[in-house]
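Heads up: the sequence lines are chains A and B, in that order.
Residue numbers 71 to 400, in our numbering, belong to the letters of the first sequence in order.
Residue numbers 2 to 203, in our numbering, belong to the letters of the second sequence in order.
Following: one structure in structure tokens, then a few remarks.
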Amino acid sequence: MRMLINVPETVVADALRGLAAAYPDLNVDVENRVIVRRDAPVAGQVGLVSGGGSGHEPLHGGFVGPGMLSAACPGEVFTSPVPDQMARAAAAVDSGAGVLFVVKNYTGDVLNFDMAAELAEDEGIQVAKVLVNDDVAVTDSLYTAGRRGTGATLFVEKIAGAAAAEGQPLERVEAIGRQVNDNSRSFGVALSACTTPAKGSPTFDLPDGELELGIGIHGEPGRERRPMMTSGEIADFAVNAILEDMPPRGPVLVLVNGMGATPLLELYGFNAEVQRVLRERGVAVARTLVGNYVTSLDMAGASVTLCQADEELLRLWDAPVKTPALRWGM
Amino acid sequence: MLDADFFRRWMTTAAASVDREADRLTALDSAIGDADHGSNLQRGFRAVTAALEKEAPDTPGAVLTLAGRQLISTVGGASGPLYGTLLRRTGKALGDAAEVGGEQLAEALRAGVDGVMKLGGAAPGDKTMIDALVPAVEALGSGFAAARAAAEEGAVATTPLQARKGRASYLGERSIGHQDPGATSSALLIAALADTAEADGE
Numbered sequence: 071m072r073m074l075i076n077v078p079e080t081v082v083a084d085a086l087r088g089l090a091a092a093y094p095d096l097n098v099d100v101e102n103r104v105i106v107r108r109d110a111p112v113a114g115q116v117g118l119v120s121g122g123g124s125g126h127e128p129l130h131g132g133f134v135g136p137g138m139l140s141a142a143c144p145g146e147v148f149t150s151p152v153p154d155q156m157a158r159a160a161a162a163v164d165s166g167a168g169v170l171f172v173v174k175n176y177t178g179d180v181l182n183f184d185m186a187a188e189l190a191e192d193e194g195i196q197v198a199k200v201l202v203n204d205d206v207a208v209t210d211s212l213y214t215a216g217r218r219g220t221g222a223t224l225f226v227e228k229i230a231g232a233a234a235a236e237g238q239p240l241e242r243v244e245a246i247g248r249q250v251n252d253n254s255r256s257f258g259v260a261l262s263a264c265t266t267p268a269k270g271s272p273t274f275d276l277p278d279g280e281l282e283l284g285i286g287i288h289g290e291p292g293r294e295r296r297p298m299m300t301s302g303e304i305a306d307f308a309v310n311a312i313l314e315d316m317p318p319r320g321p322v323l324v325l326v327n328g329m330g331a332t333p334l335l336e337l338y339g340f341n342a343e344v345q346r347v348l349r350e351r352g353v354a355v356a357r358t359l360v361g362n363y364v365t366s367l368d369m370a371g372a373s374v375t376l377c378q379a380d381e382e383l384l385r386l387w388d389a390p391v392k393t394p395a396l397r398w399g400m
Numbered sequence: 002m003l004d005a006d007f008f009r010r011w012m013t014t015a016a017a018s019v020d021r022e023a024d025r026l027t028a029l030d031s032a033i034g035d036a037d038h039g040s041n042l043q044r045g046f047r048a049v050t051a052a053l054e055k056e057a058p059d060t061p062g063a064v065l066t067l068a069g070r071q072l073i074s075t076v077g078g079a080s081g082p083l084y085g086t087l088l089r090r091t092g093k094a095l096g097d098a099a100e101v102g103g104e105q106l107a108e109a110l111r112a113g114v115d116g117v118m119k120l121g122g123a124a125p126g127d128k129t130m131i132d133a134l135v136p137a138v139e140a141l142g143s144g145f146a147a148a149r150a151a152a153e154e155g156a157v158a159t160t161p162l163q164a165r166k167g168r169a170s171y172l173g174e175r176s177i178g179h180q181d182p183g184a185t186s187s188a189l190l191i192a193a194l195a196d197t198a199e200a201d202g203e
């Protein structure tokens, strides 16, 4: 497998150096692996801190900036960051208004963020947490680690970030983040496995002519394998899986997200199919975003995320944002 | 009696076997996880070895507490907090005695394993590191070799299980038929303990 890297061991550090060079508005601490908006802490504003394994770029580092995250903590590829990183980030962004951790629901992320919250609270920082668990492909029961956090992370970070930028208090920013998560659902498919730099070969074996339904974002196989489907058939399957879980009421935000190796040409076409299914099901669409935002290295495939948004959430979605990967209104 | 040096050698032996087995751990992890268990533990145990060399803690408890802290700060994922808690809790339970007996170690390790179960919420049979650690602790009363055999057996016995915790649980029934990488690395840690004791003639 050919990769545009030096050696696997320095992939994350190399990316951070490059991110720093491209975005002078970010303060990138390569050694300690913390990306902070340069003007942090911002007086009177809640700090938003997220993080997770690397390999999902632009998530999370590409979402740091005014109107979204205050800081992001990248771990090794597909490995949650360590508590020291989030504690350092919390200290860097806390203005006294407190810090909200946005945590994708994976055992490792939850454990490390919980340990970080304890460290930050020891330093007198008020910490709240929103857990993102939007993936309908996972059966939610007492006997699993619960649903995974995937595409809805972008909605939570953007909308809670806008609330923080307005100077809303920590309880409010947390409640809004929760509302976004509770009203969001995702479903993903893979047309190829991905290859981690450390392993150098695909994480699972997907024969030609087949696809995986119900994948996560870490190259883990999905729930089910089927013969290859058309874009329209995949859209039917994904959107129906979501709507079955969250019956539509009111207009939705749509994220059609590429997993990393699927061209935008295909993603736009897939979005047309997603919009068709929504129309057929009588679901009104308020806003749509198409692109590679919550990726899985070089995996081919896509995910769909729907978020039922009331007027308040829509207003916060439309609010100005200035980050490497999302930028409008300023 | 086991002194700080014994525990230091346990950790360096564990680091060496993680180095040796890293590819196998990663291969097991790619079947039902995300293909990084070997490299993550390798990074952690290298940091443990370096820290023990630099700080030279002088009690068994201090060796394990320092090792656990290093794992938490360098491994990430679920393995970092879980292995870190295992060693830290075990170290704390050993207190500040300069030497400890086998029985004391068994008791402390039990406290460590309890800490892991509490933190991760896993019980025996969930296809996790617990499936190697719990039998090992129970067998430790009969000696180090018995603990090694019990851990290895426990790790192998995870193969037919369906995962109910951790990333493998997302696969549902598709997790069946694969040996759990966490149980496998736990068995390595226990084997390193037995190897250290045997090298000592314990």
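Glycine included, C-beta positions come from ideal geometry on N, C-alpha and C.
Owing to the predicted nature of the structure, the values given are computational and were not obtained by experimental measurement.
DSSP-derived helix/strand/coil call for residue i
i              : result
residue 309(A) : helix
residue 341(A) : helix
residue 293(A) : coil
residue 47(B)  : helix
residue 205(A) : strand
residue 166(B) : coil
residue 104(A) : strand
residue 276(A) : coil
residue 185(B) : helix
residue 212(B) : Residue 212(B) lies beyond the stretch modelled for chain B, which goes from 2 to 203, so this question has no answer here.
residue 379(A) : coil
residue 396(A) : coil
residue 160(B) : coil
residue 86(B)  : helix
residue 121(B) : helix
residue 215(A) : coil
residue 35(B)  : coil
residue 150(A) : coil
Within chain B, the residues that residue i reaches when beta carbons sit closer than 8 Å
i              : result
residue 269(A) : 27, 31, 36, 37
residue 273(A) : 31, 35, 36
Neighbour list for residue i in chain A, Cβ cutoff strictly below 7 Å
i             : result
residue 75(B) : 152
residue 40(B) : 268
residue 82(B) : 181, 182, 185
residue 78(B) : 149, 150, 178
Cβ-Cβ separation, residue j to residue i (assumed contact under 8 Å), whole Å
i              : j              : result
residue 78(A)  : residue 268(A) : 5 Å
residue 163(A) : residue 111(A) : 5 Å
residue 38(B)  : residue 27(B)  : 6 Å
residue 169(A) : residue 117(A) : 4 Å
For residue i: DSSP bridge partner residues
i              : result
residue 100(B) : 4(B)
residue 91(B)  : DSSP lists no partner for residue 91(B).
residue 269(A) : In DSSP, residue 269(A) forms no bridge with anything.
residue 287(A) : Partner(s): none; residue 287(A) has no beta bridge.
residue 369(A) : 330(A)
residue 142(A) : 105(A), 120(A)
residue 171(A) : 119(A), 199(A)
residue 54(B)  : Partner(s): none; residue 54(B) has no beta bridge.
residue 260(A) : 282(A), 371(A)
residue 357(A) : 323(A)
CB contact check: residue i to chain D, cutoff 8 Å
i              : result
residue 125(B) : In the structure shown, chain D does not exist; the protein chains are A and B.
Beta-carbon neighbours of residue i, restricted to chain B and to distances below 7 Å
i              : result
residue 189(A) : Result: empty, since nearest Cβ-Cβ is about 10 Å, beyond 7 Å.
residue 148(A) : 35, 37
residue 357(A) : Simply none; closest approach about 29 Å.
residue 218(A) : 171
residue 421(A) : Outside the displayed range of chain A (71 to 400) lies residue 421(A), so it cannot be described from this structure.
residue 145(A) : 77
Within chain A, the residues that residue i reaches when beta carbons sit closer than 9 Å
i              : result
residue 162(B) : The premise fails here: residue 162(B) is roughly 12 Å from chain A at the closest Cβ pair, so nothing lies under 9 Å.
residue 121(B) : 177, 181
Neighbour list for residue i in chain A, Cβ cutoff strictly below 8 Å
i              : result
residue 167(B) : 177, 215
residue 175(B) : 291, 293
Where residue i meets chain B, residues with beta-carbon distance less than 9 Å
i              : result
residue 208(A) : 170, 171, 173
residue 88(A)  : Going along chain B, no residue has its Cβ under 9 Å from residue 88(A), so there is no contact; the nearest lies around 21 Å.
- prompt: At a cut of 8 Å, does the stretch 75-86 of chain B reach the stretch 177-195 of chain A through at least three beta carbon pairs?
  reply: yes
task: Mind the definition here: the stretch 129-146 of chain A touches the stretch 193-208 of chain A only if three or more C-beta pairs lie below 8 Å; say whether that holds.
output: No, the stretch 129-146 of chain A does not touch the stretch 193-208 of chain A.
query: Would you say the stretch 372-382 of chain A touches the stretch 105-122 of chain A, given that touching needs at least three Cβ pairs under 8 Å?
result: The answer is no - the stretch 105-122 of chain A does not touch the stretch 372-382 of chain A, with fewer than three Cβ pairs under 8 Å.
- request: Pair every Cβ in the stretch 121-136 of chain B with every Cβ in the stretch 93-105 of chain B, then say whether three or more of these pairs are closer than 8 Å.
  value: no
task: Give a yes or no on contact between the stretch 145-165 of chain A and the stretch 93-106 of chain A, applying the rule of three or more CB pairs nearer than 8 Å.
output: yes
task: Would you check if the stretch 153-166 of chain B and the stretch 105-112 of chain B touch, i.e. whether three or more CB-CB distances between them fall below 8 Å?
output: no
- prompt: Any chance the stretch 282-296 of chain A sits against the stretch 164-181 of chain B, with 3 or more Cβ pairs inside 8 Å?
  reply: yes
query: Does the count of Cβ pairs from the stretch 265-284 of chain A and the stretch 241-254 of chain A closer than 8 Å reach three?
result: Contact between the stretch 265-284 of chain A and the stretch 241-254 of chain A is absent: fewer than three C-beta pairs spanning the two stretches fall below 8 Å.
query: Do three or more CB pairs link the stretch 356-365 of chain A to the stretch 7-24 of chain B at distances below 8 Å?
result: no
- prompt: With contact counted as at least three CB pairs below 8 Å, one residue from each stretch, are the stretch 218-231 of chain A and the stretch 331-351 of chain A in contact?
  reply: no
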